[in-house]
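What follows is one structure encoded as structure tokens, with my remarks underneath.
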Amino acid sequence: SPTVKGRRWAGRGPGCGRGESPGSAGMLYPQESSSREVKDLSGLWDFRADTSPNRHQGFERSWFKSRLAQTGPVMEMPVPASYNDITQDPALRDFVGWVWYEREVVVPARWVDDKEIRVVLRVGSAHYYSVVWVNGVKVTEHEGGHLPFEAEIGSIIREDPNVPCRITIAVNNTLNLTTLPPGTIQYMKDRTMYPDGFFVQNYQFDFFNYAGIHRPVLLYTTPKAYVDDISVVTDFLDNTGLVQYDISVKNAATSSLKVTLMDKDGYSVASSKEPSGLLKVVDVHLWWPYLMDEKPGYLYSLEVRLVEAYKGSAYDDVYTLPIGIRTVKVTSNKFLINNKPFYFHGVNKHEDSDIRGKGFDWPLIVKDFNLIKWLGANSFRTSHYPYAEEILQMCDRHGIVVIDESPGVGIKDIYGNASLAHHLDVMDELVRRDKNHPSVVMWSVANEPASEMSPAENYFKTVIQHTKALDPTRPVTFVTDSNFERDRGAPFVDVICVNSYFSWYHDPGHLEVIPIQLKTQFENWYGKYKKPIIQSEYGADVVPGLHNDPPVMFTEEYQKEVLRNYHRVFDEKRKQYVVGELIWNFADFMTSQGALRVVGNKKGIFTRQRQPKSAAFVLRDRYWRLANGTGRLPPWTKYPCSF
Numbered sequence: 005s006p007t008v009k010g011r012r013w014a015g016r017g018p019g020c021g022r023g024e025s026p027g028s029a030g031m032l033y034p035q036e037s038s039s040r041e042v043k044d045l046s047g048l049w050d051f052r053a054d055t056s057p058n059r060h061q062g063f064e065r066s067w068f069k070s071r072l073a074q075t076g077p078v079m080e081m082p083v084p085a086s087y088n089d090i091t092q093d094p095a096l097r098d099f100v101g102w103v104w105y106e107r108e109v110v111v112p113a114r115w116v117d118d119k120e121i122r123v124v125l126r127v128g129s130a131h132y133y134s135v136v137w138v139n140g141v142k143v144t145e146h147e148g149g150h151l152p153f154e155a156e157i158g159s160i161i162r163e164d165p166n167v168p169c170r171i172t173i174a175v176n177n178t179l180n181l182t183t184l185p186p187g188t189i190q191y192m193k194d195r196t197m198y199p200d201g202f203f204v205q206n207y208q209f210d211f212f213n214y215a216g217i218h219r220p221v222l223l224y225t226t227p228k229a230y231v232d233d234i235s236v237v238t239d240f241l242d243n244t245g246l247v248q249y250d251i252s253v254k255n256a257a258t259s260s261l262k263v264t265l266m267d268k269d270g271y272s273v274a275s276s277k278e279p280s281g282l283l284k285v286v287d288v289h290l291w292w293p294y295l296m297d298e299k300p301g302y303l304y305s306l307e308v309r310l311v312e313a314y315k316g317s318a319y320d321d322v323y324t325l326p327i328g329i330r331t332v333k334v335t336s337n338k339f340l341i342n343n344k345p346f347y348f349h350g351v352n353k354h355e356d357s358d359i360r361g362k363g364f365d366w367p368l369i370v371k372d373f374n375l376i377k378w379l380g381a382n383s384f385r386t387s388h389y390p391y392a393e394e395i396l397q398m399c400d401r402h403g404i405v406v407i408d409e410s411p412g413v414g415i416k417d418i419y420g421n422a423s424l425a426h427h428l429d430v431m432d433e434l435v436r437r438d439k440n441h442p443s444v445v446m447w448s449v450a451n452e453p454a455s456e457m458s459p460a461e462n463y464f465k466t467v468i469q470h471t472k473a474l475d476p477t478r479p480v481t482f483v484t485d486s487n488f489e490r491d492r493g494a495p496f497v498d499v500i501c502v503n504s505y506f507s508w509y510h511d512p513g514h515l516e517v518i519p520i521q522l523k524t525q526f527e528n529w530y531g532k533y534k535k536p537i538i539q540s541e542y543g544a545d546v547v548p549g550l551h552n553d554p555p556v557m558f559t560e561e562y563q564k565e566v567l568r569n570y571h572r573v574f575d576e577k578r579k580q581y582v583v584g585e586l587i588w589n590f591a592d593f594m595t596s597q598g599a600l601r602v603v604g605n606k607k608g609i610f611t612r613q614r615q616p617k618s619a620a621f622v623l624r625d626r627y628w629r630l631a632n633g634t635g636r637l638p639p640w641t642k643y644p645c646s647f
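Remember, my numbering sits 4 above the position in the sequence shown when you count from 1.
This is the structure we're talking about:
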């Protein structure tokens, strides 16, 4: 069977591979400095899908012990990218089970010769379960498709410096009830209807389960004594910024630290020699969201320099963390950034595009940011999984506010809490990776779970309390589509995020019901919980170029009218307790095949190729009107937007 974890071979659990750093280690983004180097392994890798009936031939025959090409036929596969849409083979597009990647890498001689250099292999993300070998030695395994993992490999590549560094990564996209997102495998045993061995992967979410190595694979170095982790919490008092920092170092017996906070021009504004403390910044430049200030996304640089004395010599490790000084608070009817009311006028997105699937792609990312700013949007939610770190870094620089969501989408079979243990691990990894991003203002632990069921109360109480313990500085939510009276998780969130599709999935074609039903929705939720509300999803499918007047479903006219009807109610309620609106969706995206989907979900205001539908201009007019209504914009940002 195409099981997620290779239970049929001997192996240790996650985080216990040879050379693996302990699970409590930091996960700083790899960067080059005077003490660190980065080697990007993006490009073409050898690739082979394990099409054996039980999907375990690769483990049974130890494909990792020799070059992958010696085990059977291989093809070239780009990394990073989903493998599904790269070939013309329909079996590979819908493949479920283990696939194998391999690449031989030339490692710089000095990395091998100098035993005081740590050499780390890092995978930005691979979906879903991964096992990694170097020169046939297992170094790590990881569960989860959207967060990074890494392992030290210096001792392995130094065993025989004349042997190329052969990296093998096996990836399995199978989803079951313990995974996030969850799924089930259904076997069809009626041989009068299905061929031998036929099975399907079922899941309760509306996007294609793309698979493969989705983000860059890197080799990077640090000195033996190194900066392992940095945590910052920011505040301000009048015009003085406050940066509480904590630095973790590893393998440093007789070390000293120098911590320097620099402004955008590289001038020092505060410094310390302690591993933790409080830095005060006079005449602070706060981090402001896009369109909320003349200088959005202002970032300082926290340079940490570790000096370690070893055998009469001194070794430096230098790491620089961009930080934004800002605060986030929630009242009963407001969301505050830097003590000013913030209104989310933004989008929901997906990491999704033609050919690449969920593969990391710089041109696409930059195009999307240009479209977001063209729209006048100030925010997005990482629906329905953590996005690439590079995207959050751009949000930090551009002032785009982020609701950072876990892959807890489609948790419908909540009885037995099958996914709870892994859910807590995922929140550990997510907060560890994204805790220092000023753009991240709220954690979302799930999307549209079965939160009306009685076990949901303990499940979401546990996950939300766990997340708050990891990070007490940010509000926590989950996104619901449940009934307001029966939702068992809502009492534990800080902000109510609700999805609704009036006149689409409910009363299809009847635009006239939207104002009534939307007002009722808001009044019910606020009346019961007295918490600020974000309309976290709303929208309608449209086939680009399809027109009809009077408007009918799937036409561009209908999508525009849905938006306008929602917007009129938003304008009434945002004066009271509605603090945001996020359109579903930014762009069309791929889904599994089904009678309700014509080559994917068509609710985007842009096509999958990032061309605008008519509704994009409706939304642009609205968002720039909202931004200009704050009275805080300088003249050059007035509508229309220019770059």
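No residue lacks a Cβ here, since even glycine has one placed at the ideal position from N, Cα and C.
Notebook entry, point to check: From what residue to what residue does the alpha helix (DSSP H) around Trp628 run?
Noted result: Ser618 to Asn632
Notebook entry, point to check: Alpha carbon to alpha carbon, what distance is there between His470 and Gly633?
Noted result: 38 Å
Next item on the list: Along the alpha helix (DSSP H) that carries Phe51, what are the first and last residues, could you check?
Entry: Segment Gly47 to Ala53 is the beta strand (DSSP E) holding Phe51; no alpha helix (DSSP H) there.
Next item on the list: Tell whether a beta-carbon distance below 8 Å holds between Thr559 and Leu567.
Entry: no
Note to self: For Ser66, which residues in the same chain have their Cβ closer than 7 Å to its Cβ, ignoring the five residues on either side in sequence?
What the structure shows: none
Check: When the Cα atoms are used, what is the spatial distance from Ile121 to Tyr230?
Finding: For Ile121 and Tyr230, the gap between their C-alpha atoms comes out near 10 Å.
Checklist line | From Gly350, Pro536, Asn451 and Val273, residue whose alpha carbon lies closest to that of Lys333 | finding: Pro536
Notebook entry, point to check: Is it the case that the Cβ atoms of Thr182 and His426 are separated by a distance below 8 Å?
Noted result: In terms of Cβ geometry, Thr182 and His426 form a close pair [threshold 8 Å].
Checklist line | For Glu565, the nearest candidate out of Leu32, Met431, Gly604 and Tyr505 (CA to CA) | finding: Tyr505
Checklist line | Sub-8 Å separation of Lys607 and Pro548 beta-carbons | finding: no
Item checked: Reference Val237, options Val204, Asp194, Gly281 and Val499, closest by Cα -> Gly281
Notebook entry, point to check: Are the region 424-440 and the region 139-151 in contact at 8 Å, needing three or more beta carbon pairs?
Noted result: yes
Next item on the list: Have a look at Thr2 and Asn605 and give me their C-alpha separation to the nearest angstrom.
Entry: This structure cannot speak to residue 2, because the chain is shown only from 5 to 647.
Margin query: For Ile404 and Pro77, what's the separation of their Cα atoms in angstroms?
Written below: Rounded to the nearest whole angstrom, the C-alpha separation of Ile404 and Pro77 is 46 Å.
Check: Of all the beta strand (DSSP E) runs that stay within the bounds of the region 359-443, which reach a length of 3 or more residues?
Finding: Fully contained in the region 359-443 are the following beta strand (DSSP E) runs of length 3 or more, in chain order: 383-385 and 405-409.
Notebook entry, point to check: Can you tell which of Gly328, Val483, Arg490 and Arg436 has its C-alpha closest to the C-alpha of Leu246?
Noted result: It is Gly328 whose Cα lies nearest to the Cα of Leu246.
Check: Taking the alpha carbon of Gly554 as the point to measure from, which residue in Tyr581, His514, Asp358 and Thr91 has its own alpha carbon closest?
Finding: Before going on, a small fix: residue 554 reads as Pro here, not Gly. Among Tyr581, His514, Asp358 and Thr91, the Cα nearest to that of Pro554 belongs to His514.
Notebook entry, point to check: In the structure shown, what three-state DSSP assignment does Val311 receive?
Noted result: In the structure shown, Val311 falls within a strand segment according to DSSP collapsed to helix, strand and coil.
Margin query: Since Trp588 and Glu541 should fall inside the 8 Å C-beta cutoff, what is the C-beta to C-beta distance between them, to a whole number of angstroms?
Written below: 4 Å
Notebook entry, point to check: Which word fits Pro186, buried or exposed, when buried means at least 16 other C-beta atoms lie within 10 angstroms of its C-beta?
Noted result: Counting Cβ neighbours within 10 Å, Pro186 comes out buried, since at least 16 surround it.
Margin query: Going by C-alpha to C-alpha distance, which of Ile160, Phe482 and Pro476 sits closest to Pro453?
Written below: Phe482
Check: Under the rule that 16 or more other beta-carbon atoms within 10 Å means buried, what is Pro293, buried or exposed?
Finding: buried
Notebook entry, point to check: Since Glu433 and Tyr391 are thought to touch, with beta carbons under 8 Å apart, how far apart are those beta carbons, to the nearest angstrom?
Noted result: Rounded, the Cβ-Cβ distance is 14 Å, inconsistent with contact.
Checklist line | C-beta contact flag for Gly216 and Ala85 at 8 Å | finding: Contact flag set, yes.
Notebook entry, point to check: Exposed or buried, which one is Val110 when buried takes at least 16 other CB atoms within 10 Å?
Noted result: exposed
Checklist line | Arg309 to Ile157 span [Cα, whole Å] | finding: One C-alpha to the other measures close to 24 Å.
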